[in-house]
Amino acid sequence: MARMKFLCDAERCIECNGCVTACKNEHEVPWGVNRRRVVTLDDGVPGEKSVSVACMHCTDAPCAAVCPVDCFYTTDDGIVLHDKDLCIGCGYCFYACPFGAPQFPQQEAFGVRGKMDKCTFCAGGPEDNSSAAELEKYGRNRVAEGKLPLCAEMCSTKALLAGDGDMVADIYRERITKRGGRPETWGWETAYKGDA
Amino acid sequence: MTTVENKGQRPLAMALALAVMSISLTACAERAEVTLHEPGVYKGSVDPLLAQQQNPEQIQTLQDRFAKGQSDR
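If you read the protein sequences in the order shown, they are chains A and B. For what it's worth, the working numbering labels the leading residue of the first sequence as 15, then goes sequentially. For what it's worth, the working numbering labels the leading residue of the second sequence as 5, then goes sequentially.
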C-alpha cells in the first residue's frame, strides 16, 4: 500500500500561490479559511525561500491524539481525515498541529469556533464519495476519481509534489543528485519521523 | 364543617404529591450501563473511500497519475 505524502521543494517554489488558489477554488473553501498557504522564509533577504504548507498528514498525527471527541481517522494510505459531524470546534487540534493546518471559520460572534476545516489531500471525508454533502463539508474527492491533490498537479515549477511517498522521495533524490547541495525536506522529519 | 372536608382530602393530596414526586424523580435515576471512553478510537461514520482504496487498480491509477503528471521531464 502506498503512503501518501506532500513534499515542497523550496529550491523550486517561486511563491506564485497557484497551489493556494487551486485549493480554494477546487474545494470552494469559505472566506477566512486557507487549507494551504505559502510561507516565505527570510523574506526580502537574498536567498529567501518559500514553502507551500498545509496538513502534512502526519504518521502519528498530533491532532488525532488530542481530539477529545476522536473525530480523526487515517486511511490505509496515510491520509488524515476527520468527521465534521463529530467535531465540536474546541481548537485543540490547532494548538497541537506543528504546521498550523486546522482552520476554523468565523461563523458567530464572541469567538465561537465553527467546525474545523483542513486539507483532505483532496480525499473528501466520511460521506458518500463525490456526493453533494461531501462537497459541501469537505470539498471535492479527487482521490476517489483516481486523481491527486490539485495543488500539486497545478504547480508550475513542480515544487510541490503529492503522491506515493516512495515515488516523491525518488524524484527529490534525483533532483538533489543533479543540482547538488543538502536535501531540505521541509516538514518531513516532523510529520513522518521514522517513516520519512 | 370545612375542616372535616379538608381532613378528608389531605391523604388524597399527599398520595397525589407522592405520585408526582416519584414520577419526576425517575428521571434522576442512575443509569445501569456505563459509557466507556476509548481514547484514540475513531467514533465517526465510515468513509466509503476506505473500501475503494483496497482495490489494487485504484492504487495503480494514482501511481500512474503521479508518474504522468508530477515526475520531472
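Glycine residues also receive a C-beta, built at the ideal position from the N, C-alpha and C atoms. On a predicted model such as this, the values are computed, not experimentally measured, just so you know.
Q. Lys47 (chain B) versus chain A: which residues are under 9 Å apart at the beta carbon?
A. Val83, Asp84, Cys85, Asp97, Leu100
Q) Residues in the stretch 50 to 63 of chain B with C-beta within 8 Å of chain A's C-beta atoms, listed in sequence order? A) Val50, Asp51, Pro52, Leu53, Leu54, Gln56, Gln57, Gln58, Gln62, Ile63
Q: Measure how close the beta-carbons of Ala68 (chain A) and Ala115 (chain A) come, nearest whole angstrom, since I'm counting them as under 8 Å.
A: 6 Å
Q | Residues near Ala24 (chain A) by beta carbon distance below 7 Å, same chain, minus five either side | A | Lys63, Ser64, Val65, Glu198, Trp200
Q: Output the distance between the C-alpha atoms of His41 (chain A) and Lys151 (chain A), rounded to the nearest integer angstrom.
A: 9 Å
Q: Report, in whole angstroms, the separation of the C-beta atoms of Leu55 (chain A) and Phe70 (chain B), which I expect to be a contact under 8 Å.
A: That belief does not hold up - the Cβ atoms of Leu55 (chain A) and Phe70 (chain B) are roughly 27 Å apart, past 8 Å.
Q) Buried or exposed: which applies to Asp76 (chain B), given that a residue is buried once 16 or more other Cβ atoms fall within 10 Å of its Cβ? A) exposed
Q. When the cut-off is 9 Å and only beta carbons count, does Leu66 (chain B) lie next to chain A?
A. yes
Q: Run the CB neighbour count on Thr30 (chain B), radius 10 Å, all protein chains shown included, and call it buried at 16 or more, exposed below.
A: exposed
Q: Assuming His71 (chain A) and Ile93 (chain A) form a contact by the criterion Cβ under 8 Å, report the distance between their Cβ atoms to the nearest whole angstrom.
A: 5 Å
Q | Collapsed DSSP secondary structure at Cys22 (chain A) in the structure displayed | A | strand
Q.
On the DSSP bridge list, what partners appear for Lys72 (chain B)?
A. In the DSSP output, where bridge partners are listed per residue, Lys72 (chain B) has none listed.
Q: Using a threshold of 9 Å, state whether the C-beta atoms of Asp14 (chain A) and Gln57 (chain B) are closer than that.
A: In the structure as shown, chain A begins at 15 and stops at 210. Residue 14 (chain A) is therefore absent and cannot be evaluated.
Q | Phe108 (chain A) - containing alpha helix (DSSP H), residue span | A | 106 to 110
Q | Inter-residue spacing [alpha-carbon to alpha-carbon] between Gly153 (chain A) and Asp180 (chain A) | A | 27 Å
Q.
For a contact defined as C-beta to C-beta under 9 Å, what are the partners of Arg69 (chain B) on chain A?
A. Gly160, Lys161, Leu162, Glu167, Gly177
Q. Using a C-beta cutoff of 9 Å, does Ile185 (chain A) count as contacting chain B?
A. yes
Q. Does the beta-carbon of Met18 (chain A) have 16 or more other beta-carbons within 10 angstroms, so that it is buried, or is it exposed?
A. buried
**Q.** Own chain, CB closer than 6 Å to Gly138 (chain A), minus 5 neighbours either side, in chain order
**A.** Glu148, Tyr152, Asn155
Q: Give a yes or no on whether 9 Å exceeds the smallest Cβ distance from Lys172 (chain A) to chain B.
A: yes
(Q) In whole angstroms, give me the CA-to-CA distance for Met168 (chain A) and Phe124 (chain A). (A) 38 Å
Q | chain B contact residues for Val157 (chain A), given Cβ-Cβ distances below 9 Å | A | Leu53, Gln56, Gln57, Gln62, Leu66
Q: Give a yes or no on whether the C-beta atoms belonging to Leu164 (chain A) and Cys133 (chain A) are separated by under 9 Å.
A: no
Q) Thinking just about the alpha-carbon of each residue, which of A:Tyr206, A:Pro119, A:Glu141 is nearest to the one in Trp45 (chain A)? A) A:Pro119
**Q.** Where Gly44 (chain B) meets chain A, residues with beta-carbon distance less than 8 Å
**A.** Ala78, Ala79, Asp84
Q.
Under 9 Å, Cβ to Cβ, is there at least one residue of chain A near Ser28 (chain B)?
A. no
Q) Ala78 (chain A) and Gly44 (chain B): beta carbons closer than 9 Å? A) yes
Q. When you compare each of A:Asp178, A:Glu141, A:Ala16 to Asp99 (chain A) by their alpha carbons, which one comes out closest?
A. A:Glu141
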